[in-house]
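Numbering (this note's numbering), first residue to last: 9 to 171. Every residue gets a Cβ at the ideal spot worked out from N, C-alpha and C, and that includes glycine. From a predicted model like this one, the values you see are computed outputs, not experimental measurements. Here is the structure we will look at, set down as structure tokens.
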């Protein structure tokens, strides 16, 4: 799988990693347990996404965080994320990405996309109260600053900066 992603600037990246670390310290699932993860927002995903040469819309400068969400992750488990609010700038850029990203999966297409920052995968139902309490106790800024756009190739494990 390949993806096009918004990555965060150093301060916003550190804030998300602090939340990952808090979950890890509480002995809960966390993306901080894997050294290959970077905080990001996926814009498009698919098996054959090319590395684009540019976009016909401005890259968003900031991302406003919304509420805590759960995505299903199998029986008795969830993915724990914070929503990203889709403002006009983000919507325009997302559409521009998809003009350069043919054959993206349906869940990343405009109209079916739920932008988010992931904090933990496969959280057991019985651990959700502790995970939510841990994230509530870990301050995150209301707005994250975008540091750029990257292309991730999961097969070759390569990152290509795009913007």
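| Query | Result |
| --- | --- |
| Spatial distance of residue 141 from residue 62 (CA atoms) | 41 Å |
| Sequence-distant residues of its chain with Cβ nearer than 6 Å to residue 91 (five each side left out) | 74, 75, 77, 124 |
| Residue from 117, 86, 169 whose Cα sits closest to the Cα of residue 139 | 86 |
| Rounded C-alpha distance that separates residue 71 from residue 134 | 31 Å |
| Whole beta strand (DSSP E) elements within the stretch 11-66, 3-residue minimum | 48-54 |
| Counted within 10 angstroms of its Cβ, other Cβ atoms place residue 79 as buried (16 or more) or exposed | exposed |
| Cβ-Cβ separation, residue 128 to residue 186 (assumed contact under 8 Å), whole Å | Residue 186 lies beyond the residue range present for the chain, which begins at 9 and ends at 171; the question has no answer from this structure. |
| At least 3 beta-carbon pairs within less than 8 Å: the stretch 142-161 vs the stretch 20-34 | yes |
| For residue 107, the first and last residue of its enclosing alpha helix (DSSP H) | 96-107 |
| Neighbourhood of residue 5 by C-beta distance below 6 Å, restricted to the same chain and skipping five residues each side | In the structure as shown, the chain begins at 9 and stops at 171. Residue 5 is therefore absent and cannot be evaluated. |
| Assigned exposure category for residue 115 - 16 Cβ within 10 Å defines buried | exposed |
| Residue 128 - DSSP class collapsed to helix/strand/coil | strand |
| Nearest-angstrom Cα separation, counted from residue 149 out to residue 54 | 30 Å |
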